[in-house]
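What follows is a set of notes on a single structure, which appears directly below.
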Amino acid sequence: MNFGIDDLPVRDELRGKSPYGAPQLDVPVRLNTNENPYPLPEPLVERITERVREAARNLNRYPDRDAVELRTQLAKYLTDTAGHEVGLANVWAANGSNEVIQQLLQTFGGPGRTAIGFEPSYSMHALIARGTGTGWISGPRNDDFTIDLAAAEKAIVENRPDVVFVTTPNNPTGNAVPPETVLALYEAAQAAKPSLVVVDEAYIEFSHGDSLLPLIEGRPNLVVSRTMSKAFGAAGLRLGYFAAHPAVVDAVQLVRLPYHLSAITQATALAALEHTDTLLGYVEQLKAERDRLVTELRAIGYEVTESDANFVQFGRFEDAHTTWQQILDRGVLVRDNGVPGWLRVTAGTPEENDAFLDAVRELLSFVG
Ligand code: PMP
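End of the sequence shown = 368 in full-length UniProt numbering, gap-free, step of one.
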């Protein structure tokens with residue numbers, strides 16, 4: 001007998017749904033999940049080894065439940081780079097910003113509550129909403145993928161969501177959201193409910209513009225979420241964090257699992273933060289490669305969305321999935337995010353980007 005998920009007593013809202021599933025294929029050039037292509041430098045690998053060895057000696061004990069040293073160092077990094085002073089009390093960390101988002105939705109969303117995002121955007125916002133029993137509202141965007149402010153404000157007023165997601169720079173489109181738009185959405189959300197506004201800045205280090213972190217001052221319902229998966233080149237580490245009013249940090253304590261951040265994770269993240277300057281050195285190279293991808297794709301004749309991230313959305317294709325397969329057949333894995341007519345490529349090393357550009361130059365099927 002073929003026994004499957006639907007034969008189990010799973011929650012109704014999970015029936016017939018698919019899990020998050022960016023393909024993990026073994027191909028020569030992988031430019032599909034917005035990772036940093038550069039392996040960690042050897043001195044950092046050494047430092048991680050030292051810190052982890054030390055942590056291993058105490059693995060009989062639970063780790064620091066409040067991750068005080070790590071949150072202090074993350075606060076220092078934000079203070080040094082984002083133009084606003086934050087401290088331990090403002091910062092919370094979890095296993096990737098996905099877990100940060102999950103904890104925020106467990107605290108501020110949940111059954112009987114709703115969250116809104118302006119789509120296309122990061123698909124996990126909707127999936128984590130579903131996983132936490134939070135209703136999902138798909139807010140609008142303009143054809144050029146900017147947020148249609150009037151329509152977005154209207155959606156907030158009409159739906160009175162409990163959580164509002166604003167991703168800047170946005171994934172998968174790449175464009176940043178102007179600070180005035182975020183402020184207007186915050187005001188609309190406060191007038192309508194008030195609700196929690198989560199600014200997802202996973203890619204902010206690659207932006208031409210500044211972090212919106214200073215906006216948390218005087219706005220206790222504004223959260224800025226970050227990750228070490230992109231700019232720090234540490235996607236395998238699984239470390240995300242947010243900065244907000246200390247009350248938000250206190251609130252997520254109600255749902256976080258005790259000792260959720262392992263001693264190994266904390267030790268590794270602390271070692272990486274000691275090498276912030278080296279790691280962020282790659283960001284400048286990646287920004288230059290991102291800009292080169294935009295220029296060269298346009299020169300070939302593709303349409304390209306403005307990018308402030310480490311990836312570029314390009315098109316337009318009659319059938320994006322067929323084009324995705326044609327690029328894969330040439331040994332290059334890009335991402336089909338299901339945005340009709342568009343694909344997304346992550347900025348890799350110069351050699352990887354050349355391989356990608358060679359592959360798409362050969363395609364004759366684009367609409368242009
Ligand atoms: N937010 C956005 C906008 C993302 O694109 C991603 C990863 N693709 C994440 C959050 C989650 O990143 P992580 O869990 O690795 O921190």
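The C-beta atom is built at its ideal place from N, Cα and C for all residues, glycine as well.
query                                                                                       : result
Cβ-heavy atom distance, ALA202 to the ligand PMP, below 6 Å                                 : yes
8 Å CB neighbourhood of GLY368 in its chain, flanking five on each side removed             : A caution first: GLY368 carries a pLDDT of 46, below 50, which makes its placement in the model unreliable, though a value can still be read off. Taken in chain order, the residues that qualify are GLY301, TYR302, GLU303 and ARG316.
THR227 beta carbon near the ligand PMP (any heavy atom closer than 6 Å)                     : yes
Span separating the alpha-carbon of TYR241 from that of ARG298                              : 35 Å
Same chain, Cβ closer than 6 Å to PRO28, five either side skipped, listed in chain order    : GLY331
C-beta atoms of THR134 and ARG113 nearer than 7 Å                                           : yes
SER97: CB within 6 Å of a non-hydrogen atom of the ligand ZN                                : Within the structure as shown, the ligand ZN is missing, the only ligands being the ligand PMP.
Rounded straight-line distance, which links the Cα of ASP336 to that of PHE366              : Low local confidence applies: a pLDDT of 47 at PHE366 is under 50, so the model's placement there is unreliable, with the coordinate-based value given in what follows. Each residue's Cα considered, the two are about 15 Å apart.
Contact the segment 101-121 vs the segment 248-268: 3+ CB pairs below 8 Å                   : yes
Assigned secondary structure, PHE366 (DSSP; H/G/I helix, E/B strand, else coil)             : Unreliable placement is indicated for PHE366, whose pLDDT of 47 sits below 50; the coordinate value is still reported in the next sentence. Three-state result, PHE366: strand.
Any 3 or more C-beta pairs closer than 8 Å across the segment 264-281 and the segment 39-49 : yes
Bridge partner(s) assigned by DSSP for VAL91                                                : ALA243
Cβ contact (3+ pairs, closer than 8 Å) linking the segment 176-192 and the segment 349-363  : no
Closer than 6 Å: GLY240 CB and nearest the ligand PMP heavy atom                            : yes
Nearest-angstrom Cα separation, counted from PHE3 out to GLU187                             : 50 Å
Three-pair Cβ contact test at 8 Å for the segment 165-178 versus the segment 207-221        : yes
Straight-line gap, ASP148 to LEU196 (C-alpha atoms, nearest Å)                              : 20 Å
C-alpha distance - ARG292 paired with LEU59, whole-angstrom precision                       : 46 Å
GLY110 versus GLU42 - alpha carbon distance                                                 : 44 Å
Cβ neighbour criterion (16 or more within 10 Å) applied to GLY117                           : buried
DSSP-derived helix/strand/coil call for residue 380                                         : Look at the range of the chain in this structure, 1 to 368, and you will see that residue 380 is not part of it.
Buried/exposed call for GLU54, threshold 16 Cβ in 10 Å                                      : exposed
Per DSSP, cross-strand counterpart(s) of VAL312                                             : VAL345
Same chain only: Cβ atoms within 6 Å of HIS84, ignoring 5 sequence neighbours per side      : LEU213 and PRO214
Same chain, Cβ closer than 6 Å to ARG160, five either side skipped, listed in chain order   : ALA192 and LYS193
Distance between beta carbons of THR168 and THR305, contact taken as under 8 Å              : 14 Å between Cβ atoms; not a contact.
Span of the alpha helix (DSSP H), counted from its first residue to its last, around ASP291 : 276-300
Terminal residues of the beta strand (DSSP E) in which GLY135 lies                          : 135-139
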